[in-house]
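Participant: Heads up: the sequence shown is residues 4 to 249, going by our numbering.
I'd like to ask some things about the structure below.
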Amino acid sequence: MRLNGKLAVITGGSSGIGFETARLFMDEGARVVLIARNRARLNSALEGLGEGAIGVTADISRPDALKLAIANAQKQLGGIDILFANAGVSETPPIAETSEQAFDDFMNINVKGTIFTVIHALPFLCEGASIILTGSVAARKGRPGDPLYAASKGAIRSFGRTLAMDGDVLARRIRVNVLTPGATVTPLTQEATGNPEVHAYIAEMVPMGRWGDAREIAQAALFLASNASSYMTGSEITVDGGLAHV
Numbered sequence: 004m005r006l007n008g009k010l011a012v013i014t015g016g017s018s019g020i021g022f023e024t025a026r027l028f029m030d031e032g033a034r035v036v037l038i039a040r041n042r043a044r045l046n047s048a049l050e051g052l053g054e055g056a057i058g059v060t061a062d063i064s065r066p067d068a069l070k071l072a073i074a075n076a077q078k079q080l081g082g083i084d085i086l087f088a089n090a091g092v093s094e095t096p097p098i099a100e101t102s103e104q105a106f107d108d109f110m111n112i113n114v115k116g117t118i119f120t121v122i123h124a125l126p127f128l129c130e131g132a133s134i135i136l137t138g139s140v141a142a143r144k145g146r147p148g149d150p151l152y153a154a155s156k157g158a159i160r161s162f163g164r165t166l167a168m169d170g171d172v173l174a175r176r177i178r179v180n181v182l183t184p185g186a187t188v189t190p191l192t193q194e195a196t197g198n199p200e201v202h203a204y205i206a207e208m209v210p211m212g213r214w215g216d217a218r219e220i221a222q223a224a225l226f227l228a229s230n231a232s233s234y235m236t237g238s239e240i241t242v243d244g245g246l247a248h249v
């Protein structure tokens with residue numbers, strides 16, 4: 004088992020990529036703590052994962068609540084070996100109609116929430132821990148319709164690459180890498196995947212001709228979490244069917 008005895012904390016773990024990653028991590032011997040803001044969905048995820056998973060309710064856009072959730076997870080289970088900062092949202096209003104409040108609400112989750120997930124977890128990370136940040140192909144490939152989302156993921160991409168070079172992080176042998184999915188079937192993309200025309204249109208844009216499955220992204224997360232990626236930090240793994248290259 005590639006993660007035997009490891010403790011993994013996953014934000015946004017109640018569905019989609021986070022849930023499939025939690026399931027795979029547990030299959031590989033890890034103990035998993037899921038942090039999510041919706042208690043009902045979190046309970047459903049815990050039922051699906053079975054014994055060995057713990058759920059903590061917290062809104063990552065509220066740093067104080069997030070800090071308490073991470074501290075509680077560490078207190079119950081010990082040092083954190085894997086941090087998968089995966090929580091995020093994708094729906095934004097048209098840019099010309101974006102209010103300051105809408106901007107703040109969005110960035111408080113995708114940027115502030117992700118960064119403070121790392122900040123609050125750092126004191127509890129074991130030596131040699133792995134930090135995985137969820138990016139997006141949108142940060143690498145300009146496309147109409149979602150400039151705020153692209154900007155938020157661009158910020159996370161830069162944050163991860165720079166954090167990896169931090170002296171304290173390097174001294175503790177903590178690795179920091181970005182996992183960048185392309186078009187992936189998850190609850191976040193339900194509006195697009197549920198529309199046959201939109202689903203087909205996006206699939207045609209992908210060189211491999213299809214959407215990705217969350218389990219395929221989870222396999223890349225497993226690689227970054229395991230010792231198989233022990234010589235990787237400040238890197239980005241793109242799992243997008245080739246979309247970023249066209």
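C-beta: ideal position from N, C-alpha, C; glycine also.
Relative to the alpha-carbon of S238, which residue among I205, L166 and D216 has its alpha-carbon at the smallest distance?
Facilitator: The option with the nearest alpha carbon to S238 is L166.
Participant: State yes or no: is the C-beta of E23 within less than 8 Å of the C-beta of A221?
Facilitator: Taking 8 Å as the Cβ cut-off, E23 and A221 qualify as a contacting pair.
Participant: Note down the Cα distance separating A158 from V114, rounded to an integer number of angstroms.
Facilitator: Approximately 7 Å, taken between the alpha carbons.
Participant: Which residues does DSSP pair with V249 in a beta bridge?
Facilitator: Paired residue(s): none; V249 is not in a bridge.
Participant: Can you tell which of A186, G212, N230 and S93 has the C-alpha that lies nearest to the C-alpha of R178?
Facilitator: Checked all of A186, G212, N230 and S93; the closest Cα to R178 is N230.
Participant: Taking contact to mean at least 3 C-beta pairs separated by less than 8 Å, is the segment 12–28 in contact with the segment 36–50?
Facilitator: Cβ pair count under 8 Å is three or more, so yes.
Participant: Name the residue from G16, A217, P66 and N75 whose alpha carbon lies nearest to the alpha carbon of N46.
Facilitator: If we check each option's Cα against that of N46, G16 comes out closest.
Participant: Have a look at M168 and T236 and give me their C-alpha separation to the nearest angstrom.
Facilitator: Cα-Cα distance, rounded: 8 Å.
Participant: T183 and S139 look like a contact to me (Cβ under 8 Å); what is the Cβ gap, rounded to whole Å?
Facilitator: Correct: roughly 6 Å between the Cβ atoms.
Participant: If you follow the beta strand (DSSP E) that E239 is part of, which residue opens it and which one closes it?
Facilitator: Looking at the DSSP string, the run of the beta strand (DSSP E) that includes E239 is E239 to V242.
Participant: Roughly how many whole angstroms lie between the Cα atoms of N198 and N89?
Facilitator: Approximately 25 Å, taken between the alpha carbons.
Participant: CB-CB under 6 Å to A132, same chain, minus the five flanking residues each way: which ones, in chain order?
Facilitator: Around A132: D84 and I177.
Participant: Measure the Cβ-Cβ separation of L136 and V92 and say whether it is below 8 Å.
Facilitator: Cβ atoms of L136 and V92: not closer than 8 Å.
Participant: Please list the terminal residues of the continuous beta strand (DSSP E) segment that includes P147.
Facilitator: Here P147 belongs to no beta strand (DSSP E), and DSSP marks it neither H nor E.
Participant: Which full runs of the alpha helix (DSSP H) of 4+ residues lie inside the segment 121–201, going along the chain?
Facilitator: The segment 121–201 contains these whole alpha helix (DSSP H) runs: 150–166, 170–174 and 193–196.
Participant: P97 to A247, Cα distance in whole Å?
Facilitator: When rounded, the distance between both Cα atoms is 23 Å.
Participant: Exposed or buried, D243, counting other C-beta atoms within 10 Å across all chains shown (16 or more means buried)?
Facilitator: When all chains shown are included, D243 counts as buried.
Participant: Which of the three DSSP states is assigned to G58 in this structure?
Facilitator: Strand at G58.
Participant: Which of helix, strand or coil does DSSP assign to L27?
Facilitator: In the structure shown, L27 sits in a helix (DSSP, three-state: H, G or I).
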